[in-house]
Amino acid sequence: MQLTRNSIETARGPSDWFTGAVYIDALAAPSASSRLSANSVHFTPGARTAWHTHPNGQTINVTEGIGRAQRRGGPVEEIRPGDRVFFEPGEEHWHGAAPDRFMTHLAMLDVDEEGNNATWGEHVSDAEYTVAPSSP
Ligand code: MN
Numbered sequence: 002m003q004l005t006r007n008s009i010e011t012a013r014g015p016s017d018w019f020t021g022a023v024y025i026d027a028l029a030a031p032s033a034s035s036r037l038s039a040n041s042v043h044f045t046p047g048a049r050t051a052w053h054t055h056p057n058g059q060t061i062n063v064t065e066g067i068g069r070a071q072r073r074g075g076p077v078e079e080i081r082p083g084d085r086v087f088f089e090p091g092e093e094h095w096h097g098a099a100p101d102r103f104m105t106h107l108a109m110l111d112v113d114e115e116g117n118n119a120t121w122g123e124h125v126s127d128a129e130y131t132v133a134p135s136s137p
């Protein structure tokens, strides 16, 4: 058993990987044979990830606010608390807040053999981001 007290500082999402202000609280980190990585990711209005992929896929579960998510070639989807999205391994996608709302999601994935959690691409442009989302 390893108890980690509430002592890990909230991290600012790096600007290479995100547009806008994003804050990350680490929930679980890979160690030994466990590949599980879990974070609570807080997006301020308009903030979003860059385009990226995950080697073993990723599940996000929205806990607060209203957000957006899109896979390459698919519609922009509005996502709300309780909504769960699974991105397939290697599927290019982005996720973030709605333009005028905060959004928090849990992000869960298995890192690969080298400990990598994602491969990052270009930022999501304003033109890509401002497309009207599909209604739930
Ligand atoms: Mn992702």
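Numbering (our numbering), first residue to last: 2 to 137. We put the CB at the ideal spot given by N, CA and C, even for glycine.
Inter-residue Cα distance where the pair is R69 and S32: Working through the sequence shown from its first residue, we reach residue 69 at position 68. Working through the sequence shown from its first residue, we reach residue 32 at position 31. Roughly 31 Å between the two C-alpha positions.
Beta-bridge pairing of E10 - partner residues as DSSP gives them
As a first step, residue 10 is located in the sequence shown; it is residue number 9 there, counting from the start. E10 pairs with nothing; no bridge assigned.
Once you ignore the five residues that flank T54 on each side, which residues in its own chain have a CB closer than 6 Å to its CB?
The residue you call residue 54 lines up with position 53 of the sequence shown. Cβ within range, chain order: G91, E93, T120.
On the three-pair Cβ rule with 8 Å, is the region 73 to 88 touching the region 21 to 29? No, they do not touch.
Reduced DSSP category for D111 - H, G, I as helix; E, B as strand; rest coil | Counted from its first residue, the sequence shown places residue 111 at position 110. Correct three-state label for D111: strand.
Q.
Within 10 Å of its beta-carbon, does N40 have 16 or more other beta-carbons around it, so buried, or fewer, so exposed?
A. Position 39 of the sequence shown, counted from the start, is the residue given in the question as residue 40. Per the 10 Å Cβ criterion, buried.
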